[in-house]
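Everything below concerns the one structure shown next.
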Amino acid sequence: MLGIRSRTRRTLRQIKNRIRTGYFSGAHRTLVQPSHGWRTLDLGELWAYRELFWVLALRDIKVRYKQTVLGCAWAIIQPLMGMFVFSIIFGHWVKVPSEGYPYPIFVYAALLPWTFFSNALSESANSVVSSTNLITKVYFPRLIIPLASIGSVLVDFLISSGVMLFLMLYYHVDWHLHLLALPFLILAVAFAALGIGTLLSALIVAYRDFRYVVPFMIQLLMFATPVVFPVTLVPPHWRWALYLNPMAGIVDGFRSAFLGKPFNRDILMLSFCASVILFLIGVAYFERVERRFADVI
Amino acid sequence: MDSIVIRAEGLSKQYTIGRREAPYDTFREMVLRQVTASLRWIQNRGNNQANGSRIWALKDVSFEVKPGEVVGIIGRNGAGKTTLLKILSRITDPTKGFAEIRGRVASLLSVGTGFHPELTGRENIYLNGTILGMRKGEIAHKFDEIVSFAEIEKFIDTPVKHYSSGMYVRLAFAIAAHLDPEILLVDEVLAVGDVQFQKKCLGKMHDVASEGRTILFVSHNMAAVQRLCSRVIWLDGGAILKEGATNEVARHYLQYGLKNNGERIWDDIPTAPGDEVVRLRAIRALDVTGAVRTDFTVREPLTLEMEFWVIKEGYVLDAAFDLYNETGTALFSTVDNLDSPWKGKPRPPGIYKERCIIPGDFFNDAEISVTFGVVSNVFEKVHAQIIDAIGFTVIDTMDPSGVRGNYHRPWPPVAVRPRLHWTVERAPLDKKISLINDSSR
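Here the protein sequences come in this chain order: A and B. Just add 1081 to wherever you are in the first sequence, counting from 1, and you've got my numbering. Just add 11 to wherever you are in the second sequence, counting from 1, and you've got my numbering.
See the structure below:
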């Protein structure tokens, strides 16, 4: 009896090892069994499904501005309107200091990453429940859904970044080597947004309450991020609290990159690490509950 | 050992019912349900049983499938067929047990998974194909074939939201039919589309099967199962009731499934089949005296009676029956549309009772199963449906005043045996005809 059991266990291990080799190859073996607790992310499987990732991201991009008159102009309108309103209220009336830069470009440099973050967060948070028909009908690594959901948001971001170039010309802000930091900063925003987004998307599957948390949270977070005001406005002994929010450091980093002001390196590193950790936590939780999605969604 | 592609051992799946509720449609509904749910929760506090009624959707299912086999899975609603398929295709985890699958698997639990209405036919082919596990190159290679199979060449660059429902389904199935996996798991997807196209799809699946691919095929369509499958697994209450050669299992299944219910009643609205608009209440087959029966003679008229609740206002609803015989052949469909006082008008909430009288001298001798549903004809939506809800047997008593008259040989196995009126005339011959003379000339 014992002998049999250890043999099955050994074959199970062998099968598991075989699964690691090639998902779509002829020698493919699948083991279907209950899973419990924390699981390690199967990167090989994720990679095998990369085409699905592209197809889903492409679908969102294609669909986003279908049957709209203005099309992708909407990607520009959102941060641009924000810039106008904030420039009038905070720049003109309240006279928020803008570190010596014209307020419009000062606020737009922060609105760009902020819009990216908030859209990415709400898209990814709602992505899983809005893919119910996929989840209950076909198997694939579910993580692809929130990951692919930021594709269209990224495209929006790139379009609206074009406006930034015009603003830089208009306000005579010189191109600076700091611009080279942008890819890393974009990555940091993506990590932060996806971290919270995947966590929320998994929570929303079971508890729809979190759906209502998302817009509310984005609104609150915006005031905990130096979007309409400079970091220097916060009293020095309270800045640590500001930097608990990784987006604070990242948004400030964007400003440094666009406007050529010096980077706050330590804070930036801290924020970057925090984003990555947020992402890992989000993914870990997602992977833990993923197997239940089809049953509870 | 190596000649087995699917091996399931003790597969079990437990669901907690009660916690699973349909997604909210409106905000008001959500608030309402949240309030009632919390009240219920307060009432049931300390009483774990009430909140955690668990059911085994699948119980200790073990079987093996050899390469190239086409295995049918049959069973009535709730027997666990779909759950089994969902576990094998890894959509959901089993609670206990395991299964080992060797080869590339594609599962078709519905056609058109992930179709986006705003995208064109072309874009949807790539989208759906990738979702079903095809590679990009593979789709490109089969693209023309898919389009011509679906017969939508002219509309390939039109958004699918402008497609007719027939075109939509044809495209969806064409993609699925061109999947090239080693193992194909198919759920009742053939229950869509027109008969002509269904036949085409069955033919295509037959081709796939004869190419040596392994297929697991879940269906209510006994005729399709018999045509495609060499072996059948019959699930009942989550467990395997019988497994074996198709014809043998099919015979038992039809006898078992149909003979013993002339009436089905659901007295509890929350668990009754249906959605937020309609819930089914009862269906029964009655004889002329109004008694529930399961045996009728070919000469007797019978009444199908159905009851359902309409819970939500504002829906134009039609009640309908589909009747099938023991081979899975559809005999006919009927809908209350012509005679209903609510024809084309939204029905106020209430309990509706509808009767449909089927005249005597109409059925052939058969085992007949009745599928019953309430549909919204405007939105092409099925609100409630119960497949094989009841069954009854129609017996030929060889009564010479019936359709058969004094024809005493077995009646051909046709769908129905209606009483039709013949006129028989005779005209006298002009001259005497002699065939012998004709041929000799």
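Don't be surprised by glycine CBs; every beta carbon is placed ideally from N, CA and C. Model, not experiment: these values are computed from the prediction.
#1: Suppose only complete runs of 3+ residues qualify. What are the beta strand (DSSP E) ranges in the region 334-402 of chain B, listed by chain order?
#2: Comparing C-alpha positions only, which one of G371(B), S445(B), L43(B), V260(B) sits nearest to L454(B)?
#3: Measuring CB atoms only, is the region 1346-1362 of chain A touching the region 1207-1216 of chain A, in the sense that at least three cross pairs come out at less than 8 Å?
#4: Any Cβ of chain A within less than 8 Å of the Cβ of G114(B)?
#5: Check whether the Cβ atoms of P1194(A) and I1331(A) lie closer than 8 Å to each other.
#6: By how many angstroms is the C-alpha of V81(B) removed from the C-alpha of E75(B)?
#7: Please confirm whether G1340(A) and P1178(A) have their CB atoms less than 8 Å apart.
#8: Answer yes or no: does any C-beta atom of chain A fall closer than 8 Å to that of P352(B)?
#9: Which residues in chain C have a C-beta closer than 8 Å to the C-beta of V1136(A)? List them in chain order.
#10: Could you check the C-alpha separation between L252(B) and K364(B) for me, to the nearest Å?
#11: Looking at chain A, which residues of the region 101-125 of chain B have a Cβ within less than 7 Å of any of its Cβ atoms?
#12: Just reading off the alpha helix (DSSP H) that Q1114(A) is part of, what are its end residues?
#13: Check K323(B) in the structure and name its three-state DSSP category.
#14: Determine the direct distance from the alpha carbon of A1273(A) to that of M1328(A), and round the result to whole angstroms.
#15: Out of M409(B), G223(B), L130(B), state which residue places its alpha-carbon closest to the alpha-carbon of L1137(A).
#16: Looking at the structure shown, is R146(B) part of a helix, part of a strand, or coil, going by DSSP?
#17: With 8 Å set as the bound, which would you pick, yes or no: does the beta-carbon of A1355(A) sit closer than that to a beta-carbon of chain B?
#18: Give me whichever residues DSSP pairs with Q1148(A) in a beta bridge.
#19: What residues from the region 1192-1219 of chain A come within 9 Å of chain B, judged by C-beta to C-beta, listed N to C?
#20: May I have the straight-line CA-CA distance separating R1320(A) from R1346(A), to the nearest angstrom?
#21: What residue from E311(B), L349(B), N336(B), P352(B) has the CA that sits closest to T382(B)'s CA?
#22: Taking L334(B) as the query, report the chain A residues whose CB atoms sit under 9 Å from its CB, ordered along the chain.
#23: Could you check whether V1377(A) and A1283(A) sit closer than 8 Å to each other, using their CB atoms as the reference points?
#24: Is the number of C-beta pairs between the region 208-223 of chain B and the region 64-71 of chain B that are closer than 8 Å three or more?
#25: Does any residue of chain B have a CB that is nearer than 8 Å to the CB of L1133(A)?
#26: Could you check if M1380(A) is buried or exposed, using at least 16 other CB atoms within 10 Å of its CB as the buried criterion?
#27: For S387(B), which residues from the same chain have a beta carbon less than 7 Å from its beta carbon, with the 5 sequence-adjacent residues on both sides left out?
#28: Run through chain B and tell me which residues come within less than 9 Å of K1076(A), C-beta to C-beta.
#29: Taking the C-alpha atoms as reference points, what is the distance between S1208(A) and N1326(A)?
#30: Within 8 Å of any Cβ in chain A, is that where the Cβ of E311(B) sits?
#31: For Q25(B), which residues in the same chain have their Cβ closer than 6 Å to its Cβ, ignoring the five residues on either side in sequence?
#32: Less than 8 Å between the C-beta atoms of F403(B) and G273(B), yes or no?
#33: So P1227(A) packs on L1192(A), CB below 8 Å; how close in whole Å?
#34: State yes or no: is the C-beta of A1201(A) within less than 8 Å of the C-beta of F1335(A)?
#35: Against V1144(A), what residues of chain B qualify as contacts under a CB-to-CB distance less than 8 Å, listed in chain order?
#36: Rounded to the nearest angstrom, what separates V171(B) and V289(B) at their Cα positions?
Per the coordinate set shown:
#1: 341-346, 361-369, 377-387
#2: Lying before the first or after the last residue shown, residue 454(B) is absent from chain B, which here runs from 12 to 452.
#3: no
#4: yes
#5: yes
#6: 12 Å
#7: Correcting the residue type first, residue 1340(A) is Leu in the shown sequence and not Gly. No, they are not a contact pair.
#8: no
#9: Among the chains of the structure shown, chain C does not appear; the protein chains present are A and B.
#10: 35 Å
#11: R101, I102, T103, D104, P105, T106, K107, F109, A110, E111, I112, R113, G114, R115, V116, S118, L120, S121, T124, G125
#12: Looking at the DSSP string, Q1114(A) is not in any alpha helix (DSSP H), and its letter there is neither H nor E.
#13: coil
#14: 7 Å
#15: L130(B)
#16: coil
#17: no
#18: Q1148(A) pairs with nothing; no bridge assigned.
#19: V1210, S1212, T1213, N1214, L1215, I1216, T1217, K1218, V1219
#20: 15 Å
#21: N336(B)
#22: Near L334(B) there are no residues of chain A at all, since even the closest Cβ is about 30 Å away, more than 9 Å.
#23: no
#24: no
#25: yes
#26: A query on residue 1380(A) cannot be resolved here, the shown segment of chain A reaching from 1082 to 1378 and no further.
#27: Y326, V327, L328, H394
#28: Look at the range of chain A in this structure, 1082 to 1378, and you will see that residue 1076(A) is not part of it.
#29: 24 Å
#30: no
#31: R65, W67, T106
#32: yes
#33: In fact, because the Cβ distance is near 24 Å, the residues do not count as touching under 8 Å.
#34: no
#35: H127, E129, L130
#36: 29 Å
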